[in-house]
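Protein chains in written order, with full-length UniProt numbering: chain Y, 1 to 318; chain X, 1 to 1212. Heads up, the beta-carbon is just placed ideally off N, CA and C, and yes, glycines get one too. Here the structure is a predicted model, which means the values were calculated and not measured. These notes concern the structure reproduced below.
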Amino acid sequence: MDTDRERHRARETAFYLFTQQSLPACKPVLTPGWVIAIFLFMGVIFIPVGLVTLRASHCVVEIVDRYDIDCVPEPSRMDKVSYIQDDSIPKNCSRFMKVHKYMKAPIYIYYQLDNYYQNHRRYVKSRSDKQLLDGQKYHDTSSCQPVESNNNRPIVPCGLIAWSLFNDTFEFIREGAELKVNRKNIAWKSDRSHKFGKNVYPFNFQNGTLIGGGKLNPEIPLSDQEDLIVWMRTSALPSFRKLYGRIEEDLDVDDVVVVNLMNNYNTYSFGGKKKLALSTSSWLGGKNDFLGHACVFAGCSSLTLAIIFMLLHVKYRR
Amino acid sequence: MTRGRIRARLRLSHLYTFACTRPEATEEGPHSIEGPGYSRIVHCNQPLMHKKKPFKYRSNYISTTKYNLFTFLPKALYEQFHRVANLYFLSAAIVSVTPLSPFSAVSMIAPLVFVVGLSMAKEALEDWRRFMQDIKVNSRKVKFHKEEGVFDYKSWKKLQVGDVVKVEKDQFFPADLLLLSSSYEDGICYVETMNLDGETNLKVKRALEVTLPLDEDASFKNFTGKIKCEDPNPSLYTFIGNFEYDHEIYALDPSQILLRDSKLRNTAFVYGVVIFTGHDSKVMQNATKSPSKRSRIERKMDYIIYVLFSLLLVISLVSSIGFAVKTKFDMPDWWYLQPQNTDDYYDPRKPVLSGVTHLITALMLYGYLIPISLYVSIEVVKVLQATFINQDIQMYDEETGNPAQARTSNLNEELGQVDTILSDKTGTLTCNQMDFLKCSIAGTAYGMSSSEVELAAAQQMASDLEDQDVERSTDFRQKGKQQEIELETVVISEDEMVHKSPIKGFSFEDSRVMEGNWLNEPNADVIMLFFRILAICHTAVPELNEETGSYTYESESPDEAAFLVAAREFGFEFCKRTQSSVFVRERYSASGQTIEREFKLLNMLEFTSKRKRMTVIVRDEDGQILVLCKGADSIIFDRLSKNGRLYEEDTTRHLNEYGEAGLRTLALAYKRLGESEYSAWNNEFQEAKTTIGPDRDLMLENIAEMMERDLILVGATAVEDKLQKGVPQCIDKLAQAGLKIWVLTGDKVETAINIGYACSLLRQGMKQICITEISSDAKEVVKENILLQMTNASQMIKLERDPHAAFALIIDGKTLAYALEDDVKQQFLVLAVQCASVICCRVSPKQKALVTRLVKEGTGKTTLAIGDGANDVGMIKEADIGVGISGVEGMQAVMASDFSIAQFRFLERLLVVHGHWCYKRIAQMVCYFFYKNIAFGLTLFYFEAFAGFSGQSIYDDWYMLLFNVLLTSLPVISLGVFEQDVSSEVCLQFPAVYQQGPKNLFFDWYKILGWMGNGLYSSLIIFFLNIIIFYDQAFREEGQTASMPALGTTMFTCIIWALNCQIAFTMSHFTWIQHLFIWGSIATWYLFLFVYGRLSPSISGNAYQILVEALAPAPIYWLATLLVTIACNLPYLAHISYQRCFHPLDHHIIQEIKYYKKDVEDQRMWTRERSRARERTMIGFSARVDAKIRQLKGKLQRKQPSSEIHSPARSS
């Protein structure tokens, strides 16, 4: 009983204090001491973090090779677009990549496109998530404009994104032996299991008059078409890398990797570059010096401010 | 009823000499009233005549509401879409149904409906309250003549022109009436016009002679008459009309007109005919339309919105031009978009069209720059602030049970920016109750009690001298001690007084004259004479209180009542008045028994504001004829005989003291008259009284003048016009806060000046500039003269060298009428602004409003008008903020006001605490709002540059929707509702902190642009740091690169963190609520992300599992958040740290002192800071005390120039 009443009274006083705007409050004041301490603290935090980040970034080994021009035969370089659009010309090409530093497996293989607006509003919208999950059972593909149907039959997967699927392929050979490339598990697990249907097979895909990018094997369900899944994760910026696969063997210094690639994808119309990148990763991800530099810079600024305030405070003591 | 009958025997008109002796015959003849403006015809007692056209007038129903059922929707919607931002959102909502919209339609329409709906609901509620008040007034009951001499009740609204009504004592008149007769035989009645002009002394109205027989219900059976008069107009003091009765025509003038909303007093009943009803009545004609008020900040906010609109337009144009260019030149190459296969929107062949359509998309996309939730958040915040004002226990008046009330919540922050207060006097500053406090009889001062002014001065000096003790030499200290002791006695005597049961109107305290002890005083006979003058020389009527057996007095002015109460307490009880005699019970006569003495009243020359004196000629029981006179000291002193000046010097000194103490003074004098001398004079007087003609008044005055001559001074009285509780202190604090206070009153000049003294608005040594009109017929001459006076006064102020000199401007209503004319008013304003205090007397309600408008528009500063009566409604509506005093009878002022408080003293807390808080809260909140929306909105724009200006947003639609609604709204609301830079006690201790509002330190363009710049900086940091960090590299150990949802979500996380940390740095007061809202918002974001990611991918789309699977396991996500958050806030933090340390504002210093608990440890420093923080004031207690101290110091230095040891200069 008593505790009940007490609790009631406590609640009442709390409400009273609330209405009188006199609730207990902490009123931090930025006194010079606090200011200096805060800036010092930030400096002390950021500089080590930045250094650690930089170190992680330096551990990452990365080889990048731009191949879009070199893989066009000399005579066709004047008109690369007709070269790439001409199906009769073989598109295979070989590149050599020299390992300048020991690379520990897994080594990630990326293809990188430039000046490619995967983030264009028309492009981003042109897909149907429901269809990807449910296949032809889902009929409303109006969001897939302009690639929704062909010959009055729906296209699976519909939309511009799927239609423009990247279709260069890469093979890696080291010292004559083919390097095994793992192309499984390159897409997010959640995408594979929840967004792309296990029983949805490509249908009526790239059958129209306009052929965009790669074709899909109609025998394989969408959930296993990891290239498509990766591609359909549109990138934020017009220059982007996408994961192609993993080399699960270490590469030694001075190893030369021969890349046999099929240069199918048209970036020549809009002058986009194509690159191939091999990279190891650290806890931070790929090579990312900027983050470390930025942290160190922020830390140094804080320290400088702390020192300036200290000096000012000493000089103009109140 | 018996009371009425007793009084009915009195024919007061025979007593009075000046006030109600209108010539009785119609010698002037009826007014010739033809032509436009005089078309009204009223058929008395024939209301049915007014049902048909030419005589059909407006009903007596009044309505003060803004809307009615049909106009509400269009009018309120118009009000809402008056706001630019709302209009923009309306168009956005309309466009959002088309495919041009980058977002879904619901996300555009829902917030708009919510915002507009909420605001309109508020409007409706407020109007509903007004409506209820109208209903209350309209359904008041009044007795009217039904038929055949029978009277019945009917509600006010049903009253018609021509109705005969009977109004009883203490009732309000339901419409403008023509007085026909009253309970007094001679048709006189008393009217209190408090609601019209604020005056509390009763006014006498007098019926026409011909209608006097109509003094019974039955006599109206066959009564008919016709009134021809002027059309409805707002002039309260004029009326022109003719009354046709019994085939004769009589002229009517204002003294027969009873105005709606005035009240019948001291008269049992009156009969009257309704002339003007409802909105035709003079008081309603005086009503100005209530404008919808908006605060300064809100008005400025519109400009900021314009700026943001321009920004929005610019970036939209940039984007759409960019889009058009990209579409024309680049898009044909982007085969992956199938450019050959598009609709118009993306058609490279029609770049202009696609550019134009894109402009609309862009305008909507960047709409986040315009904070839609700003308005709704401000509404919410203001309602909560208003609740706090309503709930404040320290503004709750226990006597009346009235809390403070914010009646509109639009103006909370305006309270913090007030520059000039225009105050009514009666009922606002004073309680309208007089207290007899002191007197000076035969050159001896009696009365120990102190006035409020003296008390405060004594306390201040005591503490000041104590302070000086520490530093001054020892012998000097003794001197100080002595004074301290003297002062203490004053204080103690006050304490004793509190224990005595107070008698209303009597606070006198002096054993020398109380309880009959005056008999032992040396001048006992003079003292007796003094008391007799008090008891006899007046126009009051006694009324026996049957419960207590003592008499109470009903008088025209509260002063007289105080005198009579004083006389009663001294043993001279005025107990009866007959037509020709005044009876006084004298308790302490020589015989020691109570004797009832009769004084035959021979003549009475009553008080008028022009004469400023009152005289009665009586014959006492011994047959001795006495002339007893009381009046303003200057008037009386001019009329003393040579041998009557015995006490003049002492009395003058006392009068000065009383004046300085803020008391109202009157001098009393008498003379004895020989029988023959009297009869000679009386013959002349009677002759003059019966003269007919225009110079009758002048003659009467001259003859009266002859009698009031060669008087003998007896003494002087000092009455305290009881100020409302805490008024002087409140005025002092407000003055310290740098506010200017003007008093606008309907009262007489002298009364107003006295109150000025009592409130410390005036003090001795202040130079008073009185602007008066000269009596001249030519308007031009009068105006010329007034201009000259003002020019001279301005010159005088300019030439003044003394830095402590203060000026007071006093002007009366008639002069003001000239001063407010268009060509003069600027000069008047300039003069008035230079004066420390301004007092306008005898001003009409309309003039009050005009003065308010002049100050408001002329100075461009915020004005606050405070008043309690219907006469203040005009200025309350006109001022930027109107404050009504609640708890008095008429509710008109409160109904028209924006805030109502029960007592004037609460104004201090309302302004200095709530106003200051609300101003800073709203200012900071609005600034922060712009900051946050710029910081967020611009990132959308930057992204466009990377997405071909296609109108794609990097964030999920849901993030955008929740951004304003959930994720950033609560912290900013908590800033707007709970922020306190300093606590309320400190606000009150340092009134100068208030000046931050009027100086607008927190919402000037510097501040606003600073915040916008901060927003720009934050947006750049958030966007570009993230872009570079997540550029093309894998962001996880597993090698995945960041897709658009991942980058968008990270960026959004950074925004949430940066904005919430920013608001945390902005705040200086954290209760658990702020903590909950700020950190809760951040937590909510993660929670939302988690839950949203958990939903089926058909809902969450690309954000499916984004936190759990993609971002949370990546250290770079957390690291980027940390880095960006700190980087965003670093410059702000450095800026405020620098400002605090090296250019601190007032509240910074106080916060720091409080933080170090210096106020507890070092009391002296605290008080020093307090006195330093005072604004240099010219008015108020402190100024007065300062002046007194300066004076005292000067004296002391002169007295002991040698012993003074110079103390070291005080360290500051």
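Rounded C-alpha distance that separates residue i from residue j
| i | j | result |
| --- | --- | --- |
| Asp347 (chain X) | Ile161 (chain Y) | 19 Å |
| Phe1024 (chain X) | Tyr67 (chain Y) | 29 Å |
| Gly272 (chain Y) | Asn204 (chain Y) | 29 Å |
| Lys146 (chain X) | Leu214 (chain X) | 16 Å |
| Tyr83 (chain Y) | Ser128 (chain Y) | 33 Å |
| Ile45 (chain Y) | Phe297 (chain Y) | 12 Å |
| Ser423 (chain X) | Gly882 (chain X) | 10 Å |
| Asn263 (chain Y) | Asp70 (chain Y) | 10 Å |
| Gln1033 (chain X) | Gly285 (chain Y) | 7 Å |
| Phe1065 (chain X) | Ser984 (chain X) | 21 Å |
| Glu488 (chain X) | Leu23 (chain Y) | Here the model assigns Glu488 (chain X) a pLDDT of 39, short of 50, so the residue's position is not dependable, and the following value carries that caveat. Cα to Cα, Glu488 (chain X) sits roughly 39 Å from Leu23 (chain Y). |
| Ile305 (chain X) | Val965 (chain X) | 19 Å |
| Thr13 (chain Y) | Ala25 (chain Y) | 15 Å |
| Gln145 (chain Y) | Thr1071 (chain X) | 54 Å |
Whole-number beta carbon distance between residue j and residue i, since they are thought to touch under 8 Å
| i | j | result |
| --- | --- | --- |
| Glu414 (chain X) | Ser295 (chain X) | 4 Å |
| Ala442 (chain X) | Ile527 (chain X) | 7 Å |
| Glu230 (chain X) | Tyr38 (chain X) | 5 Å |
| Gln131 (chain Y) | Tyr138 (chain Y) | 5 Å |
Chain X within 8 Å of residue i, Cβ atoms only
| i | result |
| --- | --- |
| Cys158 (chain Y) | no |
| Tyr316 (chain Y) | yes |
| Asp129 (chain Y) | yes |
| Tyr111 (chain Y) | no |
| Glu12 (chain Y) | no |
| Pro32 (chain Y) | yes |
| Asn204 (chain Y) | no |
| Phe270 (chain Y) | yes |
Within chain Y, partners of residue i - CB distance below 8 Å
| i | result |
| --- | --- |
| Ile1029 (chain X) | Asn288, Phe290, Leu291, Ala294 |
| Arg1036 (chain X) | Ser281, Gly285 |
C-beta neighbour in chain Y for residue i, strict 8 Å
| i | result |
| --- | --- |
| Phe1090 (chain X) | no |
| Thr342 (chain X) | yes |
| Met448 (chain X) | no |
| Ser1212 (chain X) | Only weak support exists for where Ser1212 (chain X) lies, its pLDDT of 33 falling under 50; the coordinates are left without a value. |
| His654 (chain X) | no |
| His499 (chain X) | Residue placement at His499 (chain X) is poorly supported in this model, since its pLDDT is 42, which falls under 50; the coordinates are not used for a value here. |
| Met1044 (chain X) | yes |
| His1069 (chain X) | yes |
| Gly1101 (chain X) | yes |
| Asp330 (chain X) | yes |
| Ile503 (chain X) | no |
Interface residues of chain X facing residue i [CB-CB closer than 7 Å]
| i | result |
| --- | --- |
| Leu243 (chain Y) | Gly1039, Gln1040, Thr1041 |
Chain X residues whose Cβ lies nearer than 8 Å to that of residue i
| i | result |
| --- | --- |
| Cys144 (chain Y) | What Cys144 (chain Y) touches in chain X: nothing, since even the nearest Cβ is about 11 Å away. |
| Asn266 (chain Y) | Trp335 |
Chain-ordered neighbours of residue i on chain X, where CB pairs are closer than 9 Å
| i | result |
| --- | --- |
| Gly212 (chain Y) | Trp335, Tyr336, Gln338 |
With a threshold of 8 Å, are at least 3 pairs of Cβ atoms found where one atom belongs to the segment 1098 to 1111 of chain X and the other to the segment 1006 to 1019 of chain X? Of all C-beta pairs linking the segment 1098 to 1111 of chain X to the segment 1006 to 1019 of chain X, fewer than three are shorter than 8 Å, placing the two stretches out of contact.
Would you call the segment 919 to 935 of chain X and the segment 974 to 984 of chain X touching, i.e. three or more CB-CB distances under 8 Å? yes
Within 8 Å, do at least three Cβ pairs link the segment 367 to 377 of chain X to the segment 846 to 861 of chain X? no
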